[in-house]
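There are 2 protein chains.
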Amino acid sequence: MELRHLRYFLAVAEASNFTKAARSLRVAQPALSRQVQDLEEEIGVDLLKRSPRGVTLTAEGKLFLEEVRDLLKRADESVNKVRALARGEYGELHIGYSPSPTIELLPPALAAFQKAVPGVKVLLHDMSGGEIVDGLRSGTLHLAVTPWVIGEHYPDVEFEPLRSYPICAVLAPGHPLARLKAIPFEKVAAEPLITLSRKDYPDAHALLERMFRPSGLKPRIAQECDSGSSVVTAIEAQRGITLTMPVLKLVTGKRLQYRPLTGVTESISVGIARAKHGDLTPAGEKFCELLRKVSKTVSKLRAS
Amino acid sequence: MELRHLRYFLAVAEASNFTKAARSLRVAQPALSRQVQDLEEEIGVDLLKRSPRGVTLTAEGKLFLEEVRDLLKRADESVNKVRALARGEYGELHIGYSPSPTIELLPPALAAFQKAVPGVKVLLHDMSGGEIVDGLRSGTLHLAVTPWVIGEHYPDVEFEPLRSYPICAVLAPGHPLARLKAIPFEKVAAEPLITLSRKDYPDAHALLERMFRPSGLKPRIAQECDSGSSVVTAIEAQRGITLTMPVLKLVTGKRLQYRPLTGVTESISVGIARAKHGDLTPAGEKFCELLRKVSKTVSKLRAS
DNA sequence: GCAGAGTCATGCCTTTCAGGCATATCTTGG
DNA sequence: CCAAGATATGCCTGAAAGGCATGACTCTGC
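The listed protein sequences derive, respectively, from chains A and B. Using numbering that gives the first Met the number 0, you'd call the opening residue of the first sequence number 0 and step up by one each time. Using numbering that gives the first Met the number 0, you'd call the opening residue of the second sequence number 0 and step up by one each time.
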């Protein structure tokens, strides 16, 4: 049985007439007649009652007609779905991200994406840096928007920087250093530090090492937290300070003080991470394109 | 696109390997390779990533695989449904009937049928004689189990008698004639009669005429009812008597008295009515077969 | 580093079968 | 009783599915 048989049967059933169906299918009537005969023979059931003034459906034919209509419709829909997926207009896009550091990029990009390609479901996964790398390598994530320490490499994962942020000190409002407009690195280095956990955020620790190495100093890590919000709480509780990028102001508002550092060259990039060889779906590519566009707009805005 | 393409794609996707898939499909590998190429070309999407050690699915391929699995399964099920219908093991059977007169036949036949062919839904329609004839002619009903006056003919409807019942008089318990063991027809003819309505049950009236004609007497119809239960109520209320078959005892129990008639040759048959040329589904034929079987069993039982 | 085994693709030929044309058969309507 | 219109049948052709041999490529194991 082939789809041809079903298409032919459908045409005959709808026309109640071989001759007319043959015309609409642009085949000769005998060819059509034989194909339908073959179909009936193969399934072993008479579907049509032939008469010299057309055909009528048997009870079996009526049932089969319904089934065939459904089958052909589904076949069509299946092909269209796949084509839509190929055009990036259908499917799911799993994106790993860190909420706070991506606040400048992700929300506008998401809005633009949903407007441009409403057929694609975007699934956001709030994950730590380590989980993101694992997710990309295993294929669970299609891409990630995340901070990245330039110079750190993971096999099979590549990073495309979009925004670069200087590193600043974050203090509780009452902290003695808060009186300075800019804080020299040596002063900061002496303070107890609140950091993200080494297990979940190896990058953050790699960055710390890079910052401290030239000076020969050692960081005094007072506490490791497993999320950004815990860090904020710890700082408010006067347990220490932390070093991170200034965009977090957008999240923490006036609860914490941000001060630029002097004597530090390292910076934090935020951008797109993706698997090196697992090729991205068109929807994913489109999303990257939008992220780049948003990043350009934001860069201009900040420069002016 | 033909089902062949889908079957081939499915085999390749499941084997992740053209060569093995070709073996399981019993075609040569190049033939398979080309068919899948044709499929990809037709839908315009790459479904497989070829490599020198097998194939893997693209994202589009994964989606299409799911669709194809479903499609092929449904195609298979459709054919099986139609075959089951042709074998009489699937579908619906609309049966018109009169509840009381068919009490000997229908319940046992229904039970046997549901046991033998559980895939067929039997839909019972409680209808008057006239409605049954209309239903059979229009095709709403596949068949009917109903009383029939032998000798009455309707175009396009044929009747097969299964059981034949004598006609008896039905009286309220206190009725004067109830003292007789058997009632001569002339005595009955003088009584006021309760009948079914002429509009809905032309047969019942045809039967009355046949009974009265030889004697030259005229029936005194006191009341026409539109259902058997109304007749029962009217008799209990002493409005008159009625003439019908003795099986109704099984329904009315001791509420009414049944007395045989003398001097009457007419009888009432109960059996299968069906459209003359609209051929019955196999399920319908099977049901008729069971009715005949039940009728034989009952006849033997009553004879002994 | 190379041979070998495995992969999928390509070229060429054969075979199958869908499709076209002519025509037979049947029923209905005028 | 014939014409019109329906489906089925016989015969032939051509497109395309399939088979075989082979090519191109990549891993694996020696």
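From the three backbone atoms N, C-alpha and C, an ideal C-beta is built for every residue, glycine too.
- For G270 (chain A), the enclosing beta strand (DSSP E) begins and ends at 266–274.
- In the structure shown, Y89 (chain B) falls within a coil segment according to DSSP collapsed to helix, strand and coil.
- For R258 (chain B), the pairing in a beta bridge is given by DSSP as B:A168.
- Listed as beta-bridge partners of H124 (chain B) by DSSP are B:G95.
- For the set A:R238, A:L206, A:L279, A:Q113, the Cα lying nearest the Cα of S266 (chain A) is the one of A:L206.
- Residue pairing from DSSP places R49 (chain B) in a beta bridge opposite B:V54.
- Using a Cβ-Cβ cut-off of 9 angstroms, K120 (chain A) is close to nothing in chain B; its nearest Cβ partner there is about 13 angstroms away.
- V121 (chain B) and G87 (chain B) do not touch by the CB rule: their CB atoms are close to 12 angstroms apart, not below 8 angstroms.
- If you compare the alpha carbons of A:G43, A:R6, A:V54 with that of F17 (chain A), the shortest gap goes to A:V54.
- No Cβ-Cβ contact shorter than 7 angstroms links L9 (chain A) with V81 (chain A).
- In the three-state DSSP reduction, V119 (chain A) falls in the strand class (E or B).
- When DSSP reads this structure, T194 (chain A) sits in a beta bridge with A:E223.
- One alpha carbon belongs to E41 (chain A), the other to H4 (chain A), and they sit about 10 angstroms apart.
- Between K285 (chain A) and P183 (chain A), the alpha-carbon positions lie close to 42 angstroms from each other.
- Contact residues of the segment 17–46 of chain B toward chain A are E41, I42, G43, V44, D45, L46 (C-beta to C-beta distance below 9 angstroms).
- Within chain A, the C-beta atoms nearer than 9 angstroms to that of L84 (chain B) come from V44, A58, E59, L62, F63, in chain order.
- Cβ-Cβ distances below 8 angstroms link S23 (chain B) to A10, A14 in the same chain, with the five nearest sequence neighbours on each side left out; the list follows chain order.
- When rounded, the separation of the alpha-carbon atoms in L290 (chain A) and S226 (chain A) is 24 angstroms.
- Within chain A, the residues A58 have their CB atoms less than 8 angstroms from the CB of T280 (chain B), given in chain order.
- According to DSSP, T145 (chain A) shares a beta bridge with A:G270.
- Boundaries of the beta strand (DSSP E) harbouring T241 (chain B): 241–243, taken from the DSSP string.
- Setting aside the 5 residues that flank it on each side, S298 (chain B) is surrounded in the same chain by R162, each with a C-beta closer than 8 angstroms to its C-beta; the list follows chain order.
- Short of 8 angstroms from the beta carbon of D199 (chain A), and not among the five residues preceding or following it, lie these beta carbons of its own chain, in chain order: S127, G128, G129, E130, D225.
- The C-beta of D202 (chain B) has 16 or more other C-beta atoms within 10 Å across all chains shown, which makes the residue buried.
- Judged by pairs of C-beta atoms under 8 angstroms, the segment 20–36 of chain B does not touch the segment 96–115 of chain A, as fewer than three such pairs exist.
- Among the residues facing chain B, R6 (chain A) is not included, as its CB has no counterpart in that chain under 7 angstroms away.
- Listed as beta-bridge partners of V156 (chain B) by DSSP are B:Y153, B:A274.
- When Cβ-Cβ separations below 7 angstroms define contact, S15 (chain B) makes no contact with chain A.
- DSSP places R6 (chain A) within a helical segment (H, G or I) once states are collapsed to three.
- For D69 (chain A) and P51 (chain A), the gap between their C-alpha atoms comes out near 30 angstroms.
- Between I220 (chain A) and A171 (chain A), the beta carbon gap of about 17 angstroms keeps them out of contact (Cβ cut-off 8 angstroms).
- For G173 (chain A), the closest of A:A58, A:C287, A:L255 by C-alpha to C-alpha distance is A:L255.
- When only Cα atoms are considered, T261 (chain A) and I166 (chain A) end up about 10 angstroms apart.
- Among the CB atoms of chain A, one or more fall inside 7 angstroms of the CB of S77 (chain B).
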